[in-house]
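Please read the structure below before turning to the comments.
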């Protein structure tokens, strides 16, 4: 795809945003010039058909129409309660389960070509109806000849080429935004796209997800109440992975968890301990722990699934994070200021004013449950 075709795609994405009543966003990130260059007529900021729907809903619908890369971006944003208000989080959460499934026979064509035989030869039972679907892969329930229940997570056909195209377009869009918008430039969009590209490329390798799962399972070997599904490597590859079926109750159904008599306070304490261990001790952590990726089992035990997205912390960054939290807990704003300035690389002349604002923030949140 050439540069002009890329610009046409950027313009098409802009047109999708406008069609969903998000013309102001197109204007704010400086995409009118790209639209004109590609032969589109740039619309006014308030243009677009909203049909009375809310802005969060229109954003979610636009991301769905823009394709799998943008669906994944929306899924990541759905976990960022620190950045977005609850109305946006609630709507973007729908992107985790609203990706349309494709027919099973189309899904397995590449996998069976790689194996050299039908999947039915390896599994005595496969449910052709998807158990779950995502932007990169979809999941089907299956049964081993030994009787054990497993899930087959199978990559969508052609998804690699689609994502590479979209990533190139995202970087072009970031470049346009940097050139056209002072407001957007300060958010360093090119660096954000680079990190997003690194993450989503790792997710494309479904075997890599299983390596992540086994590493985290090993880190939890001394915590008997934390579980990770077992991997079946004999059938796992870049295009498909096979893992034990998760047991227990989904974290998305807390009413069922309560009805089962599980103690949510114990679960919360154990979950907190697990997350803190992953971040501060292991420095290797589940980076997408939304409720659909957590199951609760008898005995108030926890099972984590889906390790496609993981994070690493360097020792220095881990120590800096400890310093930051210590500054908040001990009410020492000067520590917080120093850490934030180190992270941002910014030069701030009025550090006293920044310290005062952070002190005010600490006072506001300190002691809250």
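Numbering (this note's numbering), first residue to last: 1144 to 1512.
Note that CB positions come from ideal geometry on N, CA and C, so glycine has one too.
These numbers come from a predicted model, not from an experiment.
Annotation for residue 1502: 1476 place their beta carbon closer than 7 Å to its own, counting only its chain and skipping 5 residues before and after.
Going by DSSP, residue 1383 is part of the beta strand (DSSP E) stretching over 1383-1387. At the C-beta level, residue 1219 and residue 1451 stay beyond 9 Å of one another. Taken through DSSP and simplified to helix, strand or coil, residue 1507 comes out as helix.
Note on geometry: alpha-carbon atoms of residue 1215 and residue 1361 lie some 28 Å from one another.
By a beta-carbon distance limit of 8 Å, residue 1445 does not contact residue 1422. Their separation comes to about 16 Å. For residue 1445, the uninterrupted beta strand (DSSP E) run begins and ends at 1444-1447, by DSSP. Exposure of residue 1197 is indicated by the presence of fewer than 16 other C-beta atoms within 10 angstroms of its C-beta. Restricting attention to 1458, 1470, 1485 and 1237, the CA atom closest to the CA of residue 1206 is found in 1237.
Rounded to whole angstroms, the Cβ separation of residue 1160 and residue 1169 is 5 Å, and the two are in contact under 8 Å. Just so you know, the alpha carbons of residue 1397 and residue 1435 end up roughly 11 Å apart. In this structure the stretch 1238-1253 does not lie against the stretch 1307-1318, because fewer than three pairs of beta carbons, one per stretch, are closer than 8 Å. In this structure residue 1384 is buried. Its beta-carbon is surrounded by 16 or more other beta-carbon atoms within 10 angstroms. Taking a 10 Å sphere around the C-beta of residue 1355, we find 16 or more other C-beta atoms and assign the residue as buried. Your pair residue 1381 and residue 1431 does not check out as a contact, with CB atoms roughly 20 Å apart and the cut at 8 Å. Here the alpha carbon of residue 1487 sits roughly 39 Å from the alpha carbon of residue 1297. The beta-carbon separation of residue 1300 and residue 1262, rounded to 14 Å, does not stay under the 8 Å limit for a contact. Nearest C-alpha to residue 1339 among 1213, 1252 and 1288: 1213. Of all alpha-carbon atoms in 1201, 1498, 1353 and 1359, the one lying nearest the alpha-carbon of residue 1377 is that of 1353. Annotation: the continuous alpha helix (DSSP H) that includes residue 1327 extends over 1325-1328. For the options 1479, 1489 and 1492, the alpha carbon positioned closest to that of residue 1505 is the one of 1479. Residue 1305 and residue 1289 have their C-alpha atoms some 37 Å from each other. Listed in chain order, the non-local C-beta contacts of residue 1267 below 6 Å within the same chain comprise 1286 and 1288, local neighbours out to five positions each way being set aside. Counting along the chain, residue 1267 sits inside no alpha helix (DSSP H); it lies in the beta strand (DSSP E) bounded by residues 1266-1269. Within the same chain, Cβ atoms closer than 8 Å to the Cβ of residue 1233 are found at 1199, the five residues on either side in sequence being excluded. A direct Cα-Cα distance of roughly 14 Å separates residue 1395 from residue 1275. For residue 1470, the enclosing alpha helix (DSSP H) starts and ends at 1458-1472.
Distance from the Cα of residue 1208 is smallest, within the candidate group 1490, 1405, 1350 and 1157, for 1157.
Ranked by Cα distance from residue 1447, the first of 1467, 1454 and 1418 is 1418. In this structure, residue 1272 and residue 1386 do not form a Cβ contact; the two beta carbons are roughly 19 Å apart against a cut-off of 8 Å. Annotated three-state conformation of residue 1491 is coil, per DSSP.
When the five nearest sequence neighbours on each side are left out, the beta carbons in the same chain lying within less than 8 Å of the beta carbon of residue 1252 are those of 1300, in order along the chain.
Judged by DSSP in its simplified three-state form, residue 1429 adopts strand. Residue 1441 holds the alpha-carbon nearest to the alpha-carbon of residue 1403 among 1429, 1229 and 1441.
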